[in-house]
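Undergrad:
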Amino acid sequence: MGTLTIRRPEDRWTLVQTIVTTLMPLFNNAVYHNMLNIAHLFDEEGQDHEWTVFRIAQIKGDSDEDSWKNHRGEDFFIGWVGEEGWKLSATRAGLARWLVDAVEGKAEAWVGKMPAVSSCATA
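Quick note: my numbering has the sequence shown finishing at residue 123, numbered continuously throughout.
1. By the three-class DSSP mapping on this structure, what secondary structure does Thr91 have?
2. Mind reading off the beta-carbon distance from Gly99 to Arg55? Whole number of angstroms is fine, and I expect it under 8 Å.
3. From this set, Cys120, Gln17, Val20, which residue's C-alpha is nearest His71's C-alpha?
4. Using 8 Å as the threshold, is the region 8-19 in touch with the region 72-85, meaning 3 or more CB pairs across them?
5. Can you have a look at Ala30 and say buried or exposed, based on whether 16 or more other CB atoms are within 10 angstroms of its CB?
6. How is the alpha helix (DSSP H) around Ser67 delimited, first residue to last?
7. Have a look at Leu88 and Lys60 and give me their C-alpha separation to the nearest angstrom.
8. CB Phe76 to CB Arg97, shorter than 9 Å?
9. Based on Cα-Cα distance, which residue from Ala109, His40, Gly94 lies nearest to Ser63?
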């Protein structure tokens, strides 16, 4: 798991990501550098492994049964920051469903990449 502080060449410019990557080193330099180190490690040393580092900004929702039932079927965005459909937050239920799907092989297109994940803005 990573945050918006990890930039990818495929990302589109957004004010939010610019603010996060500018302010994060000022407010929590250690976390900022941990995120950059995660990206660097997988970029440089990950060739012999199957991996996906998803990037997320905010996780909304509760972990109770009602929240799960209400949000597990929502459309979920997987792609690059700033693309159509991306937004700042994801629900816990949507993220959990995507993670299970990914483990079961339904995210092969993202192996070796660092996609942004969120609830779908067009839903």
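From the three backbone atoms N, C-alpha and C, an ideal C-beta is built for every residue, glycine too.
TA: Taking the structure as given:
1. Here residue 91 refers to the residue found at position 91 when the sequence shown is read from its first residue. Three-state DSSP puts Thr91 in a strand.
2. Taking the first residue of the sequence shown as 1, we reach residue 99 at position 99. Taking the first residue of the sequence shown as 1, we reach residue 55 at position 55. According to the sequence provided, residue 99 is Leu. The question's Gly does not apply to it. Contact flag wrong, Cβ pair sits at about 13 Å.
3. For the purposes of this step, residue 71 is taken as residue 71 along the sequence shown, with counting starting at 1. Of the listed residues, the one whose Cα sits closest to His71 is Cys120.
4. yes
5. Your numbering for residue 30 matches position 30 in the sequence shown. It is exposed - the Cβ of Ala30 has fewer than 16 other Cβ atoms within 10 Å.
6. Working through the sequence shown from its first residue, we reach residue 67 at position 67. Ser67 -> alpha helix (DSSP H) spans 65-71.
7. Stepping through the sequence shown from its first residue, residue 88 is reached at position 88. Stepping through the sequence shown from its first residue, residue 60 is reached at position 60. Roughly 10 Å between the two C-alpha positions.
8. For this step, residue 76 is matched to residue 76 along the sequence shown. For this step, residue 97 is matched to residue 97 along the sequence shown. Cβ distance < 9 Å, so Phe76 and Arg97 count as in contact.
9. By one-based count along the sequence shown, residue 63 stands at place 63. Ranking the options by Cα distance to Ser63, first place goes to Gly94.
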